[in-house]
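Residue numbers (my numbering): -11 to 144.
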């Protein structure tokens, strides 16, 4: 892979149960190229940063929902990829990259709070299981949503 063209837009430190995790933002067009080398790159960066967990996320933009009485005249319709929901879904996909999301459940508790349960592919369990707390706290920090990850035994 030619690493020359690859660059990242920004980086951020996030607290994970007393430790710090590093979130690296990459341009959306380069995300595929990053994901090809992500496992090796993450391993090397974690060595360099004294074992701090490293995650790669594409830098995406959320456009506000157009309102009826908005002063700004919209020349174009807002694309689906710029909606809040689409961006949050995409962040989740990027976050647990080597593992694939096979299912999703939203649990609404009696007090009205929501917890999203993410079912990950069991074939990648040994690759990402040690990072699940990192994924949870990074997603909470970036989107404000509570999420738990699990590896279901069977999928209907």
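Cβ coordinates follow ideal geometry from the N, Cα and C atoms, glycine included.
With contacts defined by Cβ atoms closer than 9 Å, residue 89 and residue 108 form a contacting pair. Judged by beta-carbon spacing, residue 10 lies within the 9 Å limit of residue 2, meaning their Cβ atoms are closer than that value. By the neighbour-count criterion, in which 16 or more other beta carbons inside 10 Å mark a residue as buried, residue 41 falls on the buried side. In the pairwise beta carbon analysis, the segment 50 to 57 is classified as not touching the segment 20 to 40: fewer than three pairs are separated by under 8 Å.
Counting along the chain, the unbroken beta strand (DSSP E) around residue 107 starts and ends at 102 to 108. In this structure the segment 97 to 114 lies against the segment 131 to 139, because at least three pairs of beta carbons, one per stretch, are closer than 8 Å.
Within a 10 Å sphere around the beta-carbon of residue 76 sit 16 or more other beta-carbons, which makes this residue buried. When the Cα atoms are used, residue 126 and residue -2 turn out to be separated by approximately 15 Å. In the DSSP annotation of this structure, the continuous segment of the beta strand (DSSP E) that includes residue 8 starts and ends at 7 to 14.
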